[in-house]
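A quick write-up on the structure given underneath.
Residue numbers (this note's numbering): 1128 to 1363.
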């Protein structure tokens, strides 16, 4: 949580920042409102715009309660004093002033609203997929400005680090259309695919550090939502 991990983007390298409660190099002096604004608007307490490698475009859908619960957890960690290296991007991409117009095009701050005629499980899955788990940030293609092509949601995308995030719509040929709910739950718990293969790279890390700890009810909700979406073929 102390930052310093290099993340590749089409515009250059960005280093993750310190989110331990260190008051000088981390978030230790942030108020509740500071934290919520950073998560949902991508703006720091001093007004600095965050690059959208930080998925505030998805976190903008989180509830205030979940945001404050997350803050409480982060503030329970041991403070670590560590500055993140500066972004390694050429001009003009490292000009944060350009992010205001970018957000006008690509950021909608609107907490998730349940769909009245859908089940509680479906709504829970939709919230987890679109907000907390921010699945679309990797599995949805991006335009030339780095914004998500929402009309192609979850059809898969090539990543700047060379990995490919696969199609997770229920397309039978290129997606998860042949998977059952149990297959999806097992995969998110173990990283094992129905054909005996296993998750690799970033997805394996996400499972090992995140999904395997979710309650099975939440994993089933994710599966319910994903398998209900329109089937779309992968782009290639």
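Even for Gly, the Cβ is constructed at its ideal location relative to N, Cα and C. For clarity, every value in this text was computed on a predicted model and none was experimentally measured.
- request: Compute the distance between the beta-carbons of residue 1293 and residue 1356, then report whether it is under 9 Å.
  value: Not in contact: residue 1293 and residue 1356 (Cβ atoms no closer than 9 Å).
- Around the Cβ of residue 1175, are there at least 16 other Cβ atoms within 10 angstroms (buried) or fewer (exposed)? Counting C-beta atoms within 10 angstroms of its own C-beta, residue 1175 has fewer than 16 neighbours from the protein chains shown and is therefore classed as exposed.
Quiz item: CA-CA distance, residue 1279 and residue 1266?
Solution: In a straight line, the C-alpha of residue 1279 is about 9 Å away from that of residue 1266.
| Does the stretch 1218–1229 come close enough to the stretch 1189–1203 that 3 or more CB-CB pairs lie under 8 Å? | The stretch 1189–1203 is not in contact with the stretch 1218–1229.
Going by the CB atoms, is the gap between residue 1324 and residue 1251 shorter than 9 Å? No. Outside cutoff.
Handout entry: Whether residue 1179 touches residue 1229 by CB criterion (9 Å)
Key = Contact flag set, yes.
Cα separation between residue 1241 and residue 1182?
-> Approximately 21 Å between the Cα atoms of the pair.
Original post:
Are the beta-carbon atoms belonging to residue 1268 and residue 1362 less than 9 Å from one another?
Top reply: Contact: yes.
As assigned by DSSP and simplified to three states, the class of residue 1281 = Looking at residue 1281 - three-state DSSP - the assignment turns out to be coil, as it is neither helix nor strand.
Worksheet item: Can you tell which of 1163, 1214, 1212, 1333 has the C-alpha that lies nearest to the C-alpha of residue 1190?
Response: Distances from the CA of residue 1190 to each of 1163, 1214, 1212, 1333 were compared; the closest alpha carbon is that of 1163.
**Prompt:** Where does residue 1337 land, buried or exposed, given buried means 16+ other C-beta within 10 angstroms?
**Reply:** The residue in question, residue 1337, is exposed, as its Cβ has fewer than 16 Cβ neighbours within 10 Å.
**OP:** Use the C-beta contact count for residue 1148: other C-beta atoms within 10 angstroms, 16 or more gives buried, fewer gives exposed.
**Re:** Buried.
Q. Taking C-alpha atoms, which residue in 1165, 1320, 1315, 1348 lies nearest to residue 1332?
A. Answer by Cα proximity: 1315.
Paired residues, beta bridge with residue 1325 - DSSP = According to DSSP, residue 1325 bridges with 1319.
- Message: Given this structure, state the Cα-to-Cα distance separating residue 1311 from residue 1214, to the nearest angstrom.
- Response: Between residue 1311 and residue 1214, the C-alpha separation is close to 36 Å.
Closest to residue 1216 by CA distance: which of 1260, 1360, 1135, 1327 is it? Cα-wise, what sits closest to residue 1216 is 1135.
Excluding sequence positions up to five away, which residues of its chain have a Cβ less than 6 Å from the Cβ of residue 1210? Hits under 6 Å: 1152.
**Asked** In the DSSP assignment, what are the bridge partners of residue 1170?
**Response** Residue pairing by DSSP places residue 1170 opposite 1176 in a beta bridge.
Taking the alpha-carbon positions, what's the residue 1193 to residue 1261 distance? Spanning the two alpha carbons is a distance of roughly 14 Å.
| field | 9 Å Cβ cutoff met for residue 1351 and residue 1185 | value | No, they are not a contact pair.
- Per-residue DSSP class, three states only, for residue 1129: Three-state result, residue 1129: coil.
Please go through the stretch 1211–1284 and give each complete beta strand (DSSP E) segment of 3 or more residues, from N-terminal end onward. Listed in chain order, there is nothing to give.
Return the first residue and the last residue of the beta strand (DSSP E) that residue 1142 is part of.
Note, residue 1142: beta strand (DSSP E), 1139–1142.
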